[in-house]
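Note that the protein sequences, when read in sequence, are chains A and B.
So the numbering used here is basically just the index in the first sequence, starting at one, shifted up by 8.
So the numbering used here is basically just the index in the second sequence, starting at one, shifted up by 8.
Don't be surprised by glycine CBs; every beta carbon is placed ideally from N, CA and C.
Keep in mind that this is a model prediction, so the values were computed, not measured.
Below: one structure, written as structure tokens.
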Amino acid sequence: MTSALFDGYDTERFFDEAFDGGGDPRAHYRRLIDRLAELTPDELTRRERLRDAAFRTQGITFTVYGEEGDAAGGVERTFPMDLLPRIIPGDEWAEVERGLIQRVTALNRFLDDLYDGEGAVLHDRIIPRWVIASASGYQRAAHGVAVPHGARCLVAGVDLVRDIEGRYVVLEDNLRNPSGISYVLENRVAMTRVLPVAFSRYNVRSVNHYSTMLSRALGHVAPAAATGAPSVVVLTPGVYNSAYFEHAFLAGQMGIELVEGRDLVVEDHVVYMRTTRGLQRVDVIYRRIDDDFLDPVVFDPSSQLGVPGLMAAARAGNVTIVNAIGNGVADDKAVYAYVPELIRYYLGEEPILGSVETYLLWDDEQRAMVLDRLDELVVKPVAESGGYGLLMGPSASDEELADLREKIVADPRNFIAQELVSLSRHPTLVGDRLEGRHVDLRPFVITGERTEVLPGGLTRVALRKGSLVVNSSQGGGSKDTWVLADEPDGTADGTSTVADAAADAAATGATAVAEEEV
Amino acid sequence: MLARLAENLFWAGRYIERAEDIALLLDVTYHGLLESPPAEASAAWKDLLDVLQVAQPFEQAGRPLDDAGVSEFLVLEEAVPVSIISCVARTRENARSVRELVSSELWQTINAFYLELQGRDLRDDLKRNPHELYGMVKLRCQTIYGVASETMPRDDGWRFMMLGRMLERAEMTCRLLNVRYAQLTASEHAGFHDWVGVLKSASAFEAYRKSYKARMEPAQVVEFLLFREDFPRSVLFCLRAAESGLAKLGPLGQVNRPQRLLGRIRAELEFRDIDELMADGLHEFLDRVQEQVWMVAEAVADQFFRHELRSDLELHAHRTA
């Protein structure tokens, strides 16, 4: 240990991102740790203030309700970004990247087979028909709605964790409306201001070209009927949505309109937006509204957020809805268990990324085993994401376990059980000391002409000691995530940095063009 | 641009102008009445309520018809759409819903104004030093436009905001003249300082004096506030500004309905002779101008914001195109 900051730092029995089992810094963390050793505690406090100021002036705050001293409108907090970045070496990332591309490619093939293909996966009995039919994210109404190039999942935010051996394991695929990308981009801006020297000692791959990647992919899935430059919009539920900041941010970055349902109108199966110069045709809708609220004609009739007739327009091939409707079927926790099989089935490859050992409770044998080991396993309702309704066996009370046992027996399709994954930890600033805190990683995978991954992603950190919950509303924070390019003498990643810079330039150009057209 | 956002900016422009004008009107009325007998004062307050078309809600609020009653009603009554506090709250609401279209500087200026009003004891301010309070409101409103002017691109968003502001101001100047002219010509002791008051409530006293020196004729005051080409609060100036903005908002080379309506009133103002006007009856004339400005605003809404009304026609055009 090189600094007082690390005094008493203990990796305990966990896989630590920055230190090996012997307590020595891993090679790719050495420069960061050396740099931190050069900073006095006062200096570190100053950096924290700098970070908070950066976030406040950029308006990146979220509102917490129901706290002490809470005015009627809630308390505005800055999003807590930890000062220590997470660092991923280039070769390690390359493997993760390949695994993500493989997984999302297979999932796109699966979704397209299911909704717009022959359902070969069902005929070949890879996955039981009733598992699909009973999945809550499954949308019968999406059958026969084609998506250009089969890019049904244009944006995926796959949640990864690392187990006790440091292997990357998929926790959730998030193929519906994954959020968090705005924090990835803003964290990077803040980080280069707060720790510029440490940042410059590494060759960190850029994330700034995200909006270019997204914008290109959205243009790529425009319906064949669209002539000229496709007209793309971001559809938001409105200012009161907790992710509104991100919706506005993305629309701004791509230089396209941020619309609400009431700004759109469908006539003769064509979608238009109401502008001051009349109705303007819309070709692609990057919607940040859930399936059920999208079109009151087909889904929830009481929804005010959607656009009547939108589904029919999509079915007629006049508009592309992104991500496609019905992707939630693949987010079902029971379907998750089949993903390794789907990869083998569609791609003829072995899965690169691990997944959590999952038990399906309608299977008598598996259920018996699970009920036997209930206090060692994690049980999750199949339809929820983000940790809702989850029960951790080891920390559950006897009543909770008995209650759960009853529920499982009554409705086995509604739950799955998983082996407990010991999440990796990362040094995190707690007061004036560093302590290990659990982290996960949400990289963003975009499918347009090809499937590609933004280097890095959102590292979420459970700020409470021992906690495994990384959600921002539950005391979670985030970290900037640095994916390293090889050293300047190495060639491969050197060129990709140049490519990233070119992408940045392209992004600026694209924005200017889009504005001229409006 | 999106119709919804354009409408929000249009109204943000209107509301902030309205807040400023109400402050001007209150300030001048209050100070003009300090030496007047109570009966005359309450008549003057009644006129002010009339001109703002809030006499009825005022009666329902059950407040006394005096300076404190009317000032509080027009400054801090949140339910009254013309009150300063509600104008500022609505400006903020409108600006927030178009957050990505206005500059952060502008948003912060609007927000700071709102927070200042929320943080103050306005009732106490009205008792102790109303002039300071009105001065603050005026300055804040003007700062908002200054910041907007220096930080926003001259795009359609800017044009809609200015259009809202100019129409509101034209209407307010008409209202001001309408109420004060009737009072002063009816009053036996109306004199020099009353006309100064009229000019001051349009921030026009100094500009007027430069043109007309020390002469203070009612007809000249009216002429100045209606027809003066180079004074930014005169009705003609506002209508011309609105018209040139409108010309850039529609399709090139086409004259739209709000433009036609506006052109008609503007032409009437341009060619009207002041003596003739005074002889024919100022009141009727002002009523008509006010009414037409209102119609322009409605036509703007039909043309740019309310597509329900025309979507059929337009879709027909799309189909046949």
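Asked, Found
"Residues that R173(B) contacts on chain A, provided the C-beta gap is smaller than 8 Å", "Per Cβ cutoff of 8 Å: no residues; R173(B) is ~17 Å from chain A at best."
"8 Å Cβ cutoff, V247(A) in contact with chain B", "yes"
"Beta-carbon spacing of T181(B), I152(B) below 8 Å", "no"
"Residues near A500(A) in its chain [Cβ-Cβ closer than 7 Å; skip 5 each side]", "Confidence is the limiting factor: at A500(A) the pLDDT is only 40, short of 50, which leaves the residue's position unreliable, though a coordinate-based value still follows. Hits under 7 Å: D494."
"Beta-carbon proximity check, V243(B) vs L233(B), cutoff 8 Å", "yes"
"Minimum C-alpha distance to I282(B) - residue among F239(B), S252(B), A227(B), Q300(B)", "A227(B)"
"Runs of alpha helix (DSSP H) wholly within the segment 345-421 of chain A (minimum 4 residues, chain order)", "347-355, 372-380, 406-418"
"Proximal residues of chain B, C-beta to C-beta of G260(A) below 9 Å", "E108"
"Supposed close pair F313(B), E15(B) - CB separation, criterion 8 Å", "4 Å"
"Chain B contact residues for E265(A), given Cβ-Cβ distances below 9 Å", "M9, L10, L13"
"Cβ of P266(B) within 8 Å of any chain A Cβ", "no"
"Backbone CA spacing between V187(B) and V36(B) [nearest angstrom]", "13 Å"
"Distance CB(L385(A))-CB(E443(A)) smaller than 8 Å", "no"
"Residue of A225(A), D28(A), R352(A) minimising C-alpha distance to T19(A)", "D28(A)"
"Short CB-CB distance (under 8 Å) between D60(A) and chain B", "no"
"Chain-ordered neighbours of A256(A) on chain B, where CB pairs are closer than 8 Å", "R107, E108"
"Nonlocal neighbours in the same chain, by C-beta distance under 8 Å from N102(B), ignoring five residues either side", "N16, L17, W19, A20, Y23"
"Whether A198(B) touches L192(B) by CB criterion (8 Å)", "yes"
"Complete alpha helix (DSSP H) runs within the segment 131-187 of chain A (minimum length 4 residues, chain order)", "137-141"
"Cα-Cα separation between V202(A) and T436(A), rounded to whole angstroms", "16 Å"
"Other residues of its chain near G498(A): CB distance less than 7 Å, five sequence neighbours each side excluded", "With a pLDDT of 41 at G498(A), under the threshold of 50, the modelled position of this residue cannot be trusted, and the question is left open."
"Same chain only: Cβ atoms within 6 Å of S219(B), ignoring 5 sequence neighbours per side", "none"
"Within chain D, the residues that D310(B) reaches when beta carbons sit closer than 7 Å", "Here chain D cannot be found, since the structure's protein chains are A and B."
"Whole-number beta carbon distance between P451(A) and G439(A), since they are thought to touch under 8 Å", "Contact flag wrong, Cβ pair sits at about 30 Å."
"Reference L33(B), options L60(B), P46(B), M9(B), closest by Cα", "L60(B)"
"Assigned secondary structure, P33(A) (DSSP; H/G/I helix, E/B strand, else coil)", "strand"
"Residue burial classification, I248(A) (beta-carbon count within 10 angstroms, cutoff 16)", "Per the sequence presented here, residue 248(A) reads as Tyr, with Ile not at that position. With fewer than 16 other Cβ atoms within 10 Å, it is exposed."
"Chain A within 8 Å of D29(B), Cβ atoms only", "no"
"V166(A) and V178(A) closer than 8 Å at C-beta", "yes"
"Extent of the continuous beta strand (DSSP E) to which M224(B) belongs", "It is not in any beta strand (DSSP E) - M224(B) carries neither H nor E in the DSSP assignment."
"Beta carbon proximity, D271(A) to chain B, threshold 8 Å", "yes"
"Buried versus exposed call for T220(A) [16 or more other C-beta atoms within 10 Å across all chains shown]", "buried"
"Among L398(A), I140(A), V330(A), the one whose alpha carbon lies nearest that of A240(A)", "It should be noted that the sequence gives Val, not Ala, for residue 240(A). Here the closest residue by C-alpha is V330(A)."
"Between the CA atoms of L318(A) and T489(A) - distance to the nearest angstrom", "38 Å"
"Separation of L92(A) from A13(A), as counted between CA atoms", "The amino acid occupying residue 13(A) in the given sequence is Leu; Ala does not appear at that position. Approximately 12 Å, taken between the alpha carbons."
"Simplified DSSP assignment, three categories, for R183(B)", "helix"
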